[in-house]
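In my numbering, the protein residues as written are 18 to 157.
Heads up, the beta-carbon is just placed ideally off N, CA and C, and yes, glycines get one too.
Keep in mind that this is a model prediction, so the values were computed, not measured.
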Amino acid sequence: MDEEGNKNIRCTSCGICAKVCPPQCIWIEQTTDPDTGRPVPEPVEFYVDIDICMNCGYCAEYCPFDAIKMDHDYELASYDRTEAHIFNKERLLRPAEYYAGIRPRNYEREEEIRREKEAKKAAAAKARAEREAKRAGKSE
Numbered sequence: 018m019d020e021e022g023n024k025n026i027r028c029t030s031c032g033i034c035a036k037v038c039p040p041q042c043i044w045i046e047q048t049t050d051p052d053t054g055r056p057v058p059e060p061v062e063f064y065v066d067i068d069i070c071m072n073c074g075y076c077a078e079y080c081p082f083d084a085i086k087m088d089h090d091y092e093l094a095s096y097d098r099t100e101a102h103i104f105n106k107e108r109l110l111r112p113a114e115y116y117a118g119i120r121p122r123n124y125e126r127e128e129e130i131r132r133e134k135e136a137k138k139a140a141a142a143k144a145r146a147e148r149e150a151k152r153a154g155k156s157e
């Protein structure tokens, strides 16, 4: 979730994390549009087998969308022996405030980069609109 409480999953199910994972403990199933049958850039299922994961961090390092963040909280003990150590996306998701709390400098740097990208994108859109307005004015 983002700062406003909206469910915002950055993962596009590209599969890079699963490809670079040395022990191959990540499984992703991509969402498909029910009308067209085409893939949608969002995972319907995302699993990590914690028993196999060696916490190397390659998944987080290579993710082009910063969807994976390594966590300080690593607890395998549980009260239920039948509880699987295969974590699904609901169990893995954390709000943005959680990451901001455990790595404030990294979070602030990433947010600054994100804001700069958004500002560049807005400036490019404004320039494009101005060019189109000039073209429309010349053609009349």
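Looking at the DSSP output, Tyr64 bridges to Trp44. Buried is the label assigned to Lys86, since at least 16 other Cβ atoms lie within 10 Å of its Cβ.
With fewer than 16 other beta carbons inside 10 angstroms of its own, Phe82 counts as exposed. By the neighbour-count criterion, in which a residue is buried when 16 or more other Cβ atoms sit within 10 angstroms of its Cβ, Ser30 is buried.
Here the alpha carbon of Arg122 sits roughly 10 Å from the alpha carbon of Tyr116. Excluding the 5 residues flanking it on each side, Ala35 has same chain C-beta neighbours closer than 6 Å at Ile43, Ile45, in chain order. The beta carbon of Cys38 sits closer than 7 Å to the beta carbons of Tyr75, Cys76 from its chain, once the five residues preceding and following it are set aside; these are given in chain order. Of the other Cβ atoms in all chains shown, 16 or more fall within 10 Å of the Cβ of Tyr64; this residue is therefore buried. Contact annotation: Cys70 and Ile33 have beta-carbon atoms that are not nearer than 8 Å.
The three-state secondary structure of Ile69, taken from DSSP, is coil.
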